[in-house]
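Q: Following this message is one structure expressed as structure tokens.
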Amino acid sequence: MKKIAFYDTKDFSQSSFEKYRPNDLSITYFEHKLTPDTVASAAGFDAVCIFVHDIVDDTVAKRLAAMGIRLIALRCAGYNNVNLEACAAYGITVTRVPSYSPPSIAEHSVALMLVLSRHLVRAHARVREGNFSLNGMVGFEMHNKTAGIIGTGRIGRHAAEILTGFHCKVLAFDPYPDEELRKNSRIEYTDLDTIFAESDIISLYVPLLPSTKYMINDDSIAKMKQGVMLINTSRGALVDTKALIRGLKTGKIACAGLDVYEEESEYFYEDKSDGVITDDVLARLLTFNNVLVTSHQAFLTHEALQKIAEITYNNIQEYFAGKRGHSLTYGLCSQCA
Ligand code: NAD
10 MKKIAFYDTK
20 DFSQSSFEKY
30 RPNDLSITYF
40 EHKLTPDTVA
50 SAAGFDAVCI
60 FVHDIVDDTV
70 AKRLAAMGIR
80 LIALRCAGYN
90 NVNLEACAAY
100 GITVTRVPSY
110 SPPSIAEHSV
120 ALMLVLSRHL
130 VRAHARVREG
140 NFSLNGMVGF
150 EMHNKTAGII
160 GTGRIGRHAA
170 EILTGFHCKV
180 LAFDPYPDEE
190 LRKNSRIEYT
200 DLDTIFAESD
210 IISLYVPLLP
220 STKYMINDDS
230 IAKMKQGVML
240 INTSRGALVD
250 TKALIRGLKT
260 GKIACAGLDV
270 YEEESEYFYE
280 DKSDGVITDD
290 VLARLLTFNN
300 VLVTSHQAFL
310 THEALQKIAE
320 ITYNNIQEYF
330 AGKRGHSLTY
340 GLCSQCA
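Take the sequence shown: its letters are residues 10 to 346, numbered as in the working numbering.
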């Protein structure tokens, strides 16, 4: 029986992982994150399983290796929180779930668009207060709007297809265009500057890499249409949040839907309602009535949770059976490449 330490778990993750747990794995669910301060809690386990806010830097990788732990199983797609070079240097295999349910994230991004375009959060708050006024609530149709999709991988491709169903004109940019998507007459690949200049809605579906960090910044915002909607369900640091706030203050950006925030790890998934938000940038974002923030929940569907559990367990079992799984450290598997 292999013993696995799961970090940063919540009720929803514990119940889905218990539901699909194979008999040959024993799981201990920690609520705390894996960090340099908590890595000692991994002692005695055969592997660790982590999520988006755990931190595997050089120190953590070295300590895990010293404890004899040679497998870090990510139960998410993104791995910007893991120092892969350090893991490889210490002989640690890192696996991930490269794709679990792209529709979950794509649909959430479109949900943000619809809620913002029709002021639904304000509408809900108003009627609950007995305020049935429509002042300030004029929305816009998605029909015939131009939606700019940045990144047409698994999730962006699905979002682009959903938006064609709304009869949007979809402009797309990706350094590696999807040839199937290109055949759709409502989707046109173009360059980033054209997307910035012509889109009514801009939505991001790219990984966080040194080359994509702050791709939405003062310069790119300056190139956008007046009154654009910005959606980010990918990774917080794709957007320079202070630049976004400047754009919102001038009205250049009419509204923003954010499922991710660059400094989210201290707040997202936690109940902070009894305390004070000390992050002034996040606090400022939350003051805008045209900004909708969700707590990195785009993946949170029954369908995605089932797939995440099954693929994570499969990666762990394959590793202990001497196979590679969706490994990031020893040559990318075909789905990860
Ligand atoms: P993917 O790897 O399938 O697709 C990413 C695409 O981005 C690729 O086609 C790649 O060529 C393209 N790309 C890379 N650099 C680019 C650039 N500079 N400009 C434009 N395109 C670029 O990834 P995916 O599974 O579609 O995930 C997309 C994003 O969604 C990732 O950031 C991932 O971490 C995030 N995500 C968020 C959640 C959530 O719950 N919010 C869940 C899963 C994934």
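Glycine included, each C-beta is placed from N, C-alpha and C at the ideal position.
By the DSSP assignment, the alpha helix (DSSP H) with valine 290 in it spans what residues?
A: 289 to 294
Q: Does the separation of the CB atoms of alanine 1 and tyrosine 109 fall below 9 Å?
A: This structure does not reach residue 1, given that the chain is present from 10 up to 346, and the question cannot be answered.
Q: Using the C-alpha atoms, what's the distance from aspartate 187 back to alanine 346?
A: Confidence is the limiting factor: at alanine 346 the pLDDT is only 47, short of 50, which leaves the residue's position unreliable, though a coordinate-based value still follows. Note on geometry: alpha-carbon atoms of alanine 346 and aspartate 187 lie some 15 Å from one another.
Q: Since I believe threonine 104 is in contact with leucine 378 (beta carbons under 8 Å), could you give me their beta-carbon distance rounded to a whole number of angstroms?
A: Residue numbering for the chain in the displayed model covers 10 to 346; residue 378 lies beyond these limits and cannot be assessed.
Q: What are the uninterrupted segments assigned as alpha helix (DSSP H) that are 4 or more residues long and contained completely in the stretch 113 to 201, given in chain order?
A: 129 to 137, 163 to 174 and 188 to 191
Q: Let's see if you can read the secondary structure: which residues bound the beta strand (DSSP E) around valine 4?
A: This structure does not reach residue 4, given that the chain is present from 10 up to 346, and the question cannot be answered.
Q: If you count every other CB in all the chains shown that lies within 10 Å of the CB of tyrosine 278, and 16 or more means buried, which is it?
A: A residue is called buried when at least 16 other Cβ atoms come within 10 angstroms of its Cβ; tyrosine 278 meets this threshold and is buried.
Q: Under the three-state reduction of DSSP, which class applies to valine 248: helix, strand or coil?
A: strand
Q: Rounded to whole angstroms, what's the CA-CA distance from threonine 242 to leucine 190? Just pull it up for me.
A: 21 Å
Q: Nearer than 8 Å: is that true of the beta carbon of isoleucine 114 relative to any heavy atom of ligand 1?
A: yes
Q: For phenylalanine 308, report the span of its beta strand (DSSP E) as first-last.
A: No beta strand (DSSP E) contains phenylalanine 308, which DSSP labels as neither H nor E.
Q: According to the Cβ coordinates, are threonine 250 and tyrosine 276 closer than 9 Å?
A: no
Q: Say yes only if the C-beta of tyrosine 122 is nearer than 8 Å to one or more non-hydrogen atoms of ligand 1, and no if none qualify.
A: The residue you asked about is not tyrosine; residue 122 is methionine in the sequence shown. Outside the cutoff, so no.
Q: Closest to phenylalanine 141 by CA distance: which of His152, Phe149 and Leu129 is it?
A: Leu129
Q: I'd like the span of the alpha helix (DSSP H) that includes lysine 28, first residue to last.
A: That run of the alpha helix (DSSP H) goes 20 to 28.
Q: Hey, isoleucine 230 and glycine 266 are a contact pair by Cβ (cut 8 Å); roughly how many whole angstroms apart?
A: Contact between isoleucine 230 and glycine 266 does not hold, since their C-beta atoms are separated by about 16 Å, which reaches or exceeds 8 Å.
Q: What are the boundary residues of the beta strand (DSSP E) that alanine 263 is part of?
A: 262 to 267
Q: Between serine 243 and ligand 1, is there a pair consisting of the residue's CB and a ligand heavy atom that are separated by less than 8 Å?
A: Correct: serine 243 has its Cβ closer than 8 Å to ligand 1.
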